[in-house]
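Structure record follows, encoded as structure tokens.
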Amino acid sequence: MNSEKASQTILAVANQKGGVAKTTSVASVGAALAERGQSVLLVDLDPQACLTFSLGIDPEDLELSVHHVLTKGTDVSEVIIQTDDGVDLLPATIELARAEADLLTRTGREHVLRGVMEDLKESGTHYDWVLLDCPPSLGVLTVAALTAAGGVLIPLQCETLSHRGVGQLLDTVHDVRRFTNRDLEVWGVLPTLYDGRTNHARAVLDTISETYDLEVVEPPIPKTIKFAEAPAAGRSILATSKSSKGAQAYREVAGNLIARAAR
């Protein structure tokens with residue numbers, strides 16, 4: 001594949017509030033894109049390394065991680081791991097918590113991840129999709145992810161208080177657009193942990209699109225115990241529970257994201 005011509009979509013998945021199924025969404029959308037024949041790289045930027053763990057890799061067994069790429073200049077291709085879900089992973093370890101501090105004093109820290117993505121492209125490695133799993137904060141790593149990305153997707157739990165942080169995230173996106181990445185677009189909100197039986201969940205959904213004037217990426221991801229079972233197996237829900245409602249929803253979301261990228 002000619003990497004000059006092949007287009008690449010870099011999507012940051014961000015919400016500084018934890019517990020919104022952000023990591024589940026990165027793993028599941030990644031697996032759903034891979035099912036459709038797309039080449040996918042997932043980047044774990046969370047020091048808790050939940051994405052790494054949920055794809056069957058024990059962070060404690062890793063000698064190299066995204067931390068070494070961002071702060072020590074380790075070649076990214078030495079660190080990427082292939083996973084059973086058909087996606088490649090740039091894994092995280094707890095050392096990443098130090099990266100925030102290491103990067104704070106560094107000039108151009110916002111561009112550090114963008115540089116890594118450019119190095120990858122120049123080495124001839126092409127991915128159709130790169131999904132960046134941001135930490136649940138608006139610190140250096142999230143800003144670096146937003147600076148490297150073409151779009152940002154905001155997973156949001158369909159409950160009243162969960163969207164209070166969205167305004168802050170959008171302020172950060174606005175700043176990133178002004179200072180480090182003029183081309184960043186908000187692709188919209190991905191409703192998660194959705195309980196279709198309650199009017200409340202639908203009402204929260206409607207308020208979000210009105211309050212923030214954001215697109216809602218359909219369909220909402222249903223609340224299901226199947227999601228809790230998947231990380232323990234070290235696979236995404238598309239592997240552990242192929243025909244479940246949750247897996248189907250993520251397949252539809254992946255299809256809609258492909259259509260959005262083509263726009």
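Mapping of the sequence shown onto UniProt numbering: residues 1 to 263, in sequence order.
Ideal placement from N, C-alpha and C gives every residue a C-beta, glycine not left out.
Inter-residue spacing [alpha-carbon to alpha-carbon] between Ile80 and Thr224 = By 1-based counting over the sequence shown, the position of residue 80 is 80. By 1-based counting over the sequence shown, the position of residue 224 is 224. C-alpha separation (whole angstroms): 31 Å.
Given 8 Å, three or more beta-carbon pairs between the region 18 to 38 and the region 69 to 80 = no
Hey, how far is the Cα of Lys22 from the Cα of Asp133?
-> By one-based count along the sequence shown, residue 22 stands at place 22. By one-based count along the sequence shown, residue 133 stands at place 133. When rounded, the distance between both Cα atoms is 7 Å.
Buried or exposed (CB count within 10 angstroms, at least 16 for buried), Arg263 | Here residue 263 refers to the residue found at position 263 when the sequence shown is read from its first residue. With fewer than 16 other Cβ atoms within 10 Å, it is exposed.
Say whether the region 38 to 57 touches the region 193 to 210, bearing in mind that this needs 3 or more beta-carbon pairs closer than 8 Å, one atom from each stretch.
-> no
Three-state secondary structure assigned by DSSP to Tyr250 | Within the sequence shown, residue 250 is the residue found at index 250, counting from 1. The answer is helix: DSSP assigns Tyr250 an H, G or I state.
In whole angstroms, what is the alpha-carbon distance linking Ala99 and Ile10?
-> One-based indexing of the sequence shown puts residue 99 at position 99. One-based indexing of the sequence shown puts residue 10 at position 10. About 21 Å.
Note down the Cα distance separating Phe227 from Val217, rounded to an integer number of angstroms.
-> To locate residue 227, count along the sequence shown from 1; it is residue 227. To locate residue 217, count along the sequence shown from 1; it is residue 217. When rounded, the distance between both Cα atoms is 19 Å.
May I have the straight-line CA-CA distance separating Val26 from Thr147, to the nearest angstrom?
-> Looking up residue 26 in the sequence shown gives position 26. Looking up residue 147 in the sequence shown gives position 147. The alpha-carbon atoms of Val26 and Thr147 are separated by roughly 18 Å.
What does a CB cutoff of less than 6 Å around Leu138 pick up in its chain, not counting 5 residues either side in sequence?
-> By one-based count along the sequence shown, residue 138 stands at place 138. Correct list, in chain order: Gln16, Thr172.
Ala31: buried (16+ other C-beta within 10 angstroms of its C-beta) or exposed?
-> Here residue 31 is taken as the residue at index 31 of the sequence shown, counted from 1. With 16 or more other Cβ atoms within 10 Å, it is buried.
Please name the residue or residues paired with Ala12 in a DSSP beta bridge.
-> Counted from its first residue, the sequence shown places residue 12 at position 12. DSSP output for Ala12 lists Leu132, Val152 as bridge partner(s).
Buried or exposed: where does Ser236 fall if 16 or more other Cβ atoms within 10 Å of its Cβ makes it buried?
-> Mapped onto the sequence shown, residue 236 falls at position 236. Buried, by the Cβ-count rule.
Taking DSSP as the reference, what is the three-state secondary structure of Ile208?
-> For this step, residue 208 is matched to residue 208 along the sequence shown. Three-state DSSP puts Ile208 in a helix.
Burial state of Glu215, where buried means 16 or more other Cβ atoms lie within 10 Å = Here residue 215 refers to the residue found at position 215 of the sequence shown. By the neighbour-count rule (16 or more Cβ atoms within 10 Å), Glu215 is not buried but exposed.
Determine the DSSP secondary structure at Ile57, reduced to helix, strand or coil.
-> Your numbering for residue 57 matches position 57 in the sequence shown. It is coil, neither helix nor strand.
Going along the chain, which unbroken runs of the alpha helix (DSSP H) with 4 or more residues stay wholly within the region 158 to 225?
-> 166 to 179, 199 to 212
Contact check, Thr192 vs Ile154 under 8 Å by CB: the rounded distance?
-> Along the sequence shown, read from residue 1 onward, the residue named residue 192 stands at position 192. Along the sequence shown, read from residue 1 onward, the residue named residue 154 stands at position 154. Contact doesn't hold; Cβ gap of about 10 Å is too wide.
Write down the C-beta distance between Val20 and Leu156 rounded to the nearest angstrom, noting that I regard them as a contact closer than 8 Å.
-> By 1-based counting over the sequence shown, the position of residue 20 is 20. By 1-based counting over the sequence shown, the position of residue 156 is 156. Their Cβ separation, rounded to whole angstroms, is 6 Å, which keeps Val20 and Leu156 in contact under 8 Å.
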